[in-house]
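End of the sequence shown sits at 229 in the UniProt record's numbering; the numbers just go up one at a time, nothing left out. For every residue, glycine included, the Cβ atom is placed at its ideal position computed from N, Cα and C.
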Amino acid sequence: MNFCKPADLISVRDGYKEGDRVAGWILGYYYQRGHYVEKAEKRASSIFVDLAGKGHWGSRGWCHEYGYDPYEKSVEKEVECYRKGVEEGDEVSLYNLGYCFHNGRGVDKNEKKAASLFHRAAEKGYPAAICMLGYCYKYGTGVEVDKKKAVQLYSQAADKGHATAISNLAVCYEYGAGVEKDEEKAIDMYKKAADLGIAFALNSLKRLGIAYTPCPPKQEQQQQQEEEE
């Protein structure tokens, strides 16, 4: 991939304010999952509904997946929205439809088609797609196994602040998958990912016998201060 869009909290929050629908979707996802910020379902749903109302198919499909009012919960409508978004070149829709094919959600499972959709979204610089494409190369899901390529993709997304990519890269360093084994580096990355809300990373530290209390990200502290002003 030639580039990766920023995935840190400040960038996606500012992007949403400026009308960037992809950045807005990422921000909504962070609130929904508790990455970078405290989990806040109402805040997440309000962002997705706002974006859906502005014509973003990726967000509208997501609203149908979770049944965010006024959108009924419907797998069929969810997939239909993603398909419409794909026709318009929306990277969120490309990624989400790819995930549907990856898991067989609302469509017949097709790992090759999923990987192809992830690749198309990754070419647009979508961080989650770059991370997921790394997963595909690591495990041979829809593509030939290439662990070095997986590390390259994880690193690209991790450098832009994608929390899951940071955690996945830590796994590679812990076990020496596609990169020279470096447990110290793996631990540092697990800590960083845990700070960003990745439960797997915190559990990995516990597995390694390391007691660690995640710290609130600086971005979150800054956001709280801004909201109080």
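*Alpha carbon to alpha carbon, how far is A115 from E123? Give it in angstroms, no decimals.*
About 12 Å.
*Helix, strand or coil: which one does DSSP assign to T213?*
T213 sits in coil when the DSSP states are folded into three classes, being neither helix nor strand.
*Can you give the Cα-Cα distance for A128 and A121, rounded to whole angstroms?*
Answer to the nearest angstrom: the Cα atoms are 9 Å apart.
*Reference G162, options Y137, M132 and E184, closest by Cα*: Per the sequence shown, residue 162 should be read as His rather than Gly. Selected option, being the one with the closest Cα: M132.
_Element boundaries [alpha helix (DSSP H), containing Y82]_ = Note, Y82: alpha helix (DSSP H), V75 to E87.
*Which value, in whole angstroms, describes the spacing of the CA atoms of Y66 and C81?*
Roughly 13 Å separates the two Cα atoms.
*Counting Cβ pairs, one atom from each stretch, are 3 or more of them under 8 Å apart for the stretch 89-96 and the stretch 55-74?*
Touching, yes.
*Indicate whether W57 and K84 have their beta-carbon atoms separated by less than 8 Å.*
Yes, the pair counts as a contact, with Cβ atoms nearer than the cut-off.
*Cα-Cα separation between L202 and T213, rounded to whole angstroms*: Approximately 8 Å, taken between the alpha carbons.
*asked:* On the DSSP letters alone, give me the boundaries of the alpha helix (DSSP H) that A114 sits inside.
replied: It spans E111 to E123 - the alpha helix (DSSP H) in which A114 sits, taken as one unbroken run.
*Do you know how far the Cα of G28 is from the Cα of F48?*
Between F48 and G28, the C-alpha separation is close to 6 Å.
*Over what stretch of residues does the alpha helix (DSSP H) that includes V107 continue unbroken?*
Annotation: V107 is outside any alpha helix (DSSP H) and is labelled neither H nor E by DSSP.
*Do you know how far the Cα of L205 is from the Cα of E180?*
E180 and L205: Cα-Cα distance of roughly 20 Å.
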